[in-house]
Amino acid sequence: MISIVFELCVPLEKKANMAYSQIQKMEVNVHIMASAEQFHDVLCNKTHHIANISPQNIKSVQILKGEWGTEGSIIFWNYVLDGKACVSTNMVEGIDKENNKVNLKVIDGEMLKNYKSCTFIAQAIPKENGSVVNWVAEYEKQNANTPEPHTIMELITEMTEEIGAYLTQHTI
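Here it is in structure tokens:
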């Protein structure tokens, strides 16, 4: 089961003679059969395996700075979105192992062409028969014509489903 929530948050700032900036949120919940701990472990500590698990979406994942599973690490993603090769450099802003939660801030790449800022928050929540992975994109559009990030959230949903399915049959 997948659910999508779109939310417009209150203005963060208002500048004279300028439109105010707004952080917006888009949320997706994905039910997977794998445990919350298994999913969190792959996303946080074994991220480089995602390219093997979801090869049609994720072409490679490399660590540029730091170590897997540590806050402040810089991770480079090479992925395909709408048939186009894309890249994203993300900083691991936060890890909450107890709650199976990871915050990834986009610091470079295609996403920042459309958005002034973008952060992805993933939390795997234990449920009967698996878990629900809650993904939240917090973003600020470059301008009023910037589209909502539906396609990247669809890619994230598909990747999450593939990780969940993989983990029910394999150990990493």
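Start counting at 1 in the sequence shown, then tack on 514, and there's your number in the numbering used here.
Quick reminder that beta carbons are idealized off the backbone N, C-alpha and C, glycines included.
Going by DSSP, Gln656 is part of no beta strand (DSSP E) at all; its letter is neither H nor E. Annotated as proximal: Asn643 and Met547, with beta-carbon spacing under 8 Å. In the DSSP assignment, Lys627 falls within the alpha helix (DSSP H) that extends over 625–628. In the displayed model, Glu642 falls within coil according to three-state DSSP, outside both helix and strand. Assignment of His664 by DSSP, reduced to helix, strand and coil, places it in the helix class. Ile572 is bridged by DSSP to Tyr593. Between Ala651 and Cys632, the C-beta spacing is below 8 Å.
Proximity to His684 across Phe553, Thr603, Thr671, Ile537 peaks at Phe553, based on C-alpha coordinates. Non-local beta-carbon contacts of Phe590 in its own chain, meaning distances under 6 Å to residues more than five positions away in sequence, involve Gln576, Leu578, Thr603 in chain order. Contact annotation: Tyr653 and Gln538 have beta-carbon atoms nearer than 8 Å.
Annotation: Gln536 to Val606 spans about 23 Å, alpha carbon to alpha carbon. Asn566: member of the alpha helix (DSSP H) spanning 564–567, first to last residue. Looking at Thr584, Val594, Trp582, the one whose alpha-carbon comes closest to that of Ser574 is Val594. Taking the Cα of Leu557 as reference, the smallest distance to any Cα among Asp610, Gly597, Glu624, Pro663 is reached at Asp610. DSSP lists Val594 as the beta-bridge partner residues of Ala599.
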